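Trainee: First residue of the sequence shown? That's 5 in our numbering, and the numbers climb one at a time after it.
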Amino acid sequence: MGLLFRNGEAGRRIFENWISDIGREDATEKIRIVILTRVEKSNPNAYTLAVSSNIDKAQFKVLDRIFVTSKMKTMENPDPRNLENFGKAFAASQRYALVPVTLSDEGRPPDFHFDLSILKREVVIREAWTIGLNDPDGMAVSPSIDPIIPEGQENAPILELIEWQKKRGK
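1) Counting along the chain, where does the alpha helix (DSSP H) carrying Glu20 start and finish?
2) Expressed to the nearest angstrom, what Euclidean distance is found between the alpha-carbon atoms of Tyr100 and Leu123?
3) Which complete alpha helix (DSSP H) runs does the region 77-132 hold, if anything under 4 residues is left out?
4) Checking 9 Å against the spacing of the C-beta atoms, do Trp133 and Pro151 come in under that value?
5) What is the DSSP secondary structure of Glu29, counted as helix, strand or coil?
6) Run through DSSP, which three-state label would Asp141 get?
7) Using only the alpha-carbon positions, how far apart do Val43 and Phe116 sit?
8) Which class does Thr176 belong to by DSSP, given the choice of helix, strand or coil?
9) Quick one: give me the first and last residue of the beta strand (DSSP E) that Gly6 is part of.
Given below as structure tokens:
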């Protein structure tokens, strides 16, 4: 799985720091990768990728304050086969490589930095409508989305989250 960076040096530094902290394998899954699907009715193939610290795996003391930095990117017009193929490959092997990828402004193909790959064994893939208030994955939800909600889910958890975000002015 490639994380895209316009500034390739910044991407390399991020991965170098991660490797320094956790090694070539994220054995304790400190980096959380979440893919939210069905995020937009008008674009059913769109999905949001979120990268954050994994608070479920972190060591906290009682009464610690927790600050989690995350980065999200919604893929607006992806080829649906990319995510489908990733899901199938992950289901078969239960692992994947997380790799920084430098995007070129000059029409050249992206540059994959496999020398900085990190082996991962967890990824969360879930439909956006299942995310509610107080869900850690709510950070990947924009109040402007119009998620695909299955029939019969009139009180989908995401509706309360989006309403709360709009009231806060997120």
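Cβ coordinates follow ideal geometry from the N, Cα and C atoms, glycine included.
Predicted, not measured: the structure shown is a model, and the values here were computed from it.
Mentor: Reading off the structure:
1) 12-26
2) 6 Å
3) 84-97
4) yes
5) strand
6) helix
7) 27 Å
8) Residue numbering for the chain in the displayed model covers 5 to 174; residue 176 lies beyond these limits and cannot be assessed.
9) 6-9
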